[in-house]
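>
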Amino acid sequence: MTGADYFVPFRTKLRSMRTEPFGADPAGARMQRILNSPNFADGVFQNPLGARTRPSGSGLEFAKIYFQKEQRIRRAPAGTVPVHATTLADLAAPPATGLRLTWMGHSSVLAEIDGRRVLFDPVWGERCSPFPFAGPKRLHPVPVPLATLGDVDVVVISHDHYDHLDLPTIRALASTDTVFAVPLGVGAHLERWGVAPDRLRELDWNETAKVNGISLTATPARHFCGRGLRNNQHTLWASWAVSGPEHRIYHSGDTGYFPGFRDIGAEHGPFDATMIQIGAYSEYWPDIHMTPAEGMRAHLDLQGGRPHGVMLPIHWGTFNLAPHAWAEPAEWTKDAAEEAEQAAAFPRPGEPFEPGGTLPVDPWWRAVSAPMAAPQWRTAAPDAVPGGAPVVRRDLDVAGER
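According to my numbering, the sequence shown is numbered sequentially starting from 66.
(1) Any chance the region 332–339 sits against the region 379–395, with 3 or more Cβ pairs inside 8 Å?
(2) Residue 422 and residue 225 - do their beta-carbons sit closer together than 8 Å?
(3) Less than 8 Å between the CB atoms is what I'm expecting for residue 147 and residue 429, so what's the real figure, rounded?
(4) In its own chain, which residues sit with a C-beta less than 7 Å from the C-beta of residue 265, not counting the 5 before and 5 after it?
(5) Three-state secondary structure (DSSP) at residue 398?
(6) Give the single residue among 275, 303, 177 and 212 whose Cα lies nearest to the Cα of residue 269.
(7) Using only alpha-carbon positions, find the residue among 371, 419, 392 and 313 that is nearest to residue 438.
(8) By Cβ distance, which residues of its chain are closer than 7 Å to residue 211, with the 5 residues on each side in sequence left out?
(9) If I measure Cβ to Cβ from residue 118 and keep anything under 7 Å in the same chain, skipping five residues before and after, which residues do I get?
(10) Ordered along the chain, which non-local residues of its own chain (more than five positions away) have a Cβ less than 7 Å from that of residue 287?
(11) Alpha carbon to alpha carbon, what distance is there between residue 183 and residue 316?
(12) Give the straight-line distance between the Cα atoms of residue 366 and residue 332, rounded to the nearest whole angstrom.
(13) For the putative contact between residue 239 and residue 258, defined by C-beta atoms under 8 Å, what is the C-beta separation to the nearest angstrom?
(14) Should residue 426 and residue 411 be called a contact, given that it needs their Cβ atoms to be closer than 8 Å?
(15) List the residues that DSSP assigns as beta-bridge partners of residue 313.
(16) Determine, using beta carbons only, whether residue 420 comes closer than 8 Å to chain D.
(17) If you draw a straight line from the C-alpha of residue 274 to the C-alpha of residue 168, how long is it?
(18) May I have the straight-line CA-CA distance separating residue 84 from residue 443, to the nearest angstrom?
(19) Three-state secondary structure (DSSP) at residue 493?
(20) Given this structure, state the Cα-to-Cα distance separating residue 86 from residue 220, to the nearest angstrom.
(21) Would you say residue 329 and residue 306 are within 8 Å of each other, going by their C-beta atoms?
(22) Please report the distance separating the alpha-carbon of residue 402 from that of residue 342.
(23) Find the nearest neighbour of residue 191 within the set 325, 308 and 227, judged by alpha-carbon distance.
(24) Compute the Euclidean distance between the alpha carbons of residue 267 and residue 95, then round it to the nearest angstrom.
(25) Hey, how far is the Cα of residue 398 from the Cα of residue 374?
(26) Could you check whether residue 272 and residue 163 sit closer than 8 Å to each other, using their CB atoms as the reference points?
(27) Give me, in chain order, the residues of the same chain whose beta-carbon lies closer than 8 Å to that of residue 468; leave out the 5 immediate sequence neighbours on both sides.
(28) When the distance is taken between beta carbons, is residue 155 closer than 8 Å to residue 472?
(29) Considering only DSSP beta bridges, list what residue 168 is partnered with.
(30) According to DSSP, which residues form a beta bridge with residue 268?
(31) Would you mind working out which of 280, 193 and 348 sits nearest residue 514, comparing C-alpha positions?
(32) Would you report the Cα separation of residue 263 and residue 362, rounded to the nearest angstrom?
(33) For residue 138, I'd like the list of residues in its chain whose CB is within less than 6 Å of its CB, leaving aside the five on either flank, ordered along the chain.
(34) Pull up the DSSP beta-bridge partners for residue 340, would you.
(35) In terms of alpha-carbon separation, which member of 250, 364 and 199 lies closest to residue 98?
(36) I'd like to check one pair, residue 406 with residue 372: are the Cβ atoms closer than 8 Å?
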């Protein structure tokens with residue numbers, strides 16, 4: 066260390082030691098855009114509705130629940146997840162209806178819409194973590210190697226958390242010709258990882274980019290951001306409305322429930338299909354992730370308050386990120402869809418389907434679910450299902466259905 070080094074600000078030293086997985090902080094013209102954003106105030110991006118971004122309640126109590134052996138067993142599948150090994154043959158012929166979705170696990174979805182291919186939140190890494198040796202690990206393999214997925218017109222990122230923005234995946238895609246549509250500030254990470262600035266479409270809420278004949282609009286969400294120990298809230302989070310000449314789809318990213326879904330639907334819907342976050346919820350962070358009942362309510366809001374289109378539940382099954390049982394999000398969503406008389410698709414990871422065709426509805430998770438306690442939602446509160454009265458059903462041990 067030289068004498069000059071001694072006077073370098075500590076924060077600058079920390080930045081210089083920041084490894085690649087942590088990404089980069091916005092600066093220069095990008096930072097000026099952030100400061101000018103109507104969604105940025107008091108030094109941070111603001112949610113459309115107030116939200117607690119840190120876990121509530123006792124940390125000790127949460128740790129006891131999270132690390133208890135019996136609970137850990139329930140939070141993982143009891144057998145091998147039946148992944149559909151997506152092949153080029155599956156995707157070679159264009160969708161007969163003009164719209165096809167392939168859920169790759171968690172929030173990663175390949176959408177083929179009106180002759181274009183959009184890849185949402187692609188995560189092909191083994192762990193959603195900045196470290197290769199620690200952090201949540203995959204519970205099933207990726208359905209298809211990224212290199213054999215084929216050309217993608219645009220990659221859409223909802224926010225910069227590790228289970229949505231994955232360094233090895235972005236590095237692999239950076240060597241292709243794809244365009245990246247990202248929320249404001251997220252472009253700093255991608256540029257550090259090798260994405261050329263002219264391939265970035267970096268949007269604030271309610272801004273739209275057009276790529277090869279499709280429109281991509283960053284819409285509000287109720288969440289937060291950050292990849293480092295010090296979360297400065299300088300990168301935006303978003304949901305996305307995507308429209309082609311014939312079809313419209315919506316990807317929620319991560320979000321808590323908020324009334325703004327109705328506004329998004331009125332402006333950009335109704336949608337032929339929605340991809341809605343229904344997993345990794347907890348009473349410890351109720352404002353930033355939705356339960357399946359809230360996810361169903363969000364879908365209906367997006368559709369003008371009535372059943373329409375197809376709901377694809379996402380953000381479950383691939384990583385262990387919350388205290389609930391592994392199969393609970395799917396089982397609860399299935400019940401909520403039936404109560405709302407809303408069509409929902411439940412594909413195996415990697416299983417393509419067309420929302421305008423025959424939907425995958427087999428509850429495949431039951432065959433590989435660990436025992437699950439009597440479902441809490443089976444005696445539902447009056448507002449747990451949109452427009453519903455209290456519903457009482459028999460308890461279901463999902464594992465018992467094998």
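Just so you know, even glycine gets a beta-carbon here, dropped at the ideal spot from N, CA and C.
Walking through what the data contain:
(1) Under the Cβ criterion (8 Å, minimum of three pairs), the region 332–339 does not count as touching the region 379–395.
(2) In this structure, residue 422 does not lie closer than 8 Å to residue 225 by Cβ.
(3) Contact flag correct, Cβ pair sits at about 6 Å.
(4) Contacts found: 245, 247, 252 and 255.
(5) Under the three-state reduction of DSSP, residue 398 is assigned to helix.
(6) Cα-wise, what sits closest to residue 269 is 303.
(7) Closest option to residue 438, Cα to Cα, is 392.
(8) Answer for residue 211: 189, 234 and 237, listed in chain order.
(9) Once the five neighbours on either side are set aside, the close Cβ partners of residue 118 are 289 and 353.
(10) Excluding positions up to five away in sequence, the list reads 112, 113, 114, 116, 320, 321, 323, 352 and 353.
(11) Near 11 Å, if we compare the C-alpha coordinates of residue 183 and residue 316.
(12) Residue 366 and residue 332 have their C-alpha atoms roughly 12 Å apart.
(13) Yes, they are in contact, since the Cβ atoms of residue 239 and residue 258 sit about 6 Å apart, within 8 Å.
(14) Contact check for residue 426 against residue 411 passes: the beta carbons are separated by less than 8 Å.
(15) BP columns for residue 313 point to 308.
(16) The chain labelled as chain D is not found in the depicted structure, where only one protein chain is given.
(17) Cα-Cα distance, rounded: 24 Å.
(18) For residue 84 and residue 443, the distance between alpha carbons rounds to 46 Å.
(19) Outside the displayed range of the chain (66 to 467) lies residue 493, so it cannot be described from this structure.
(20) Cα-Cα distance, rounded: 19 Å.
(21) Going by C-beta atoms, residue 329 is nearer than 8 Å to residue 306.
(22) If you draw a straight line from the Cα of residue 402 to the Cα of residue 342, it is about 14 Å long.
(23) Per the Cα distances, 227.
(24) Distance between residue 267 and residue 95, taken at the CA atoms: about 9 Å.
(25) Straight-line Cα distance between these residues: approximately 16 Å.
(26) Not in contact: residue 163 and residue 272 (Cβ atoms no closer than 8 Å).
(27) The structure shown has nothing for residue 468, since the chain only spans 66 to 467.
(28) The question about residue 472 has no answer, for the chain in this structure spans 66 to 467.
(29) In the DSSP output, where bridge partners are listed per residue, residue 168 has 174.
(30) 248, per the DSSP bridge assignment.
(31) Examination of residue 514 is not possible in this model, given that the chain is present from 66 through 467 alone.
(32) Residue 362 has its alpha-carbon roughly 38 Å from the corresponding atom of residue 263.
(33) So the list reads 435, once near-sequence residues are dropped.
(34) Partner(s): 316 and 377.
(35) Residue 250 is the option with its Cα nearest to residue 98.
(36) Yes, these two residues count as a Cβ contact at 8 Å.
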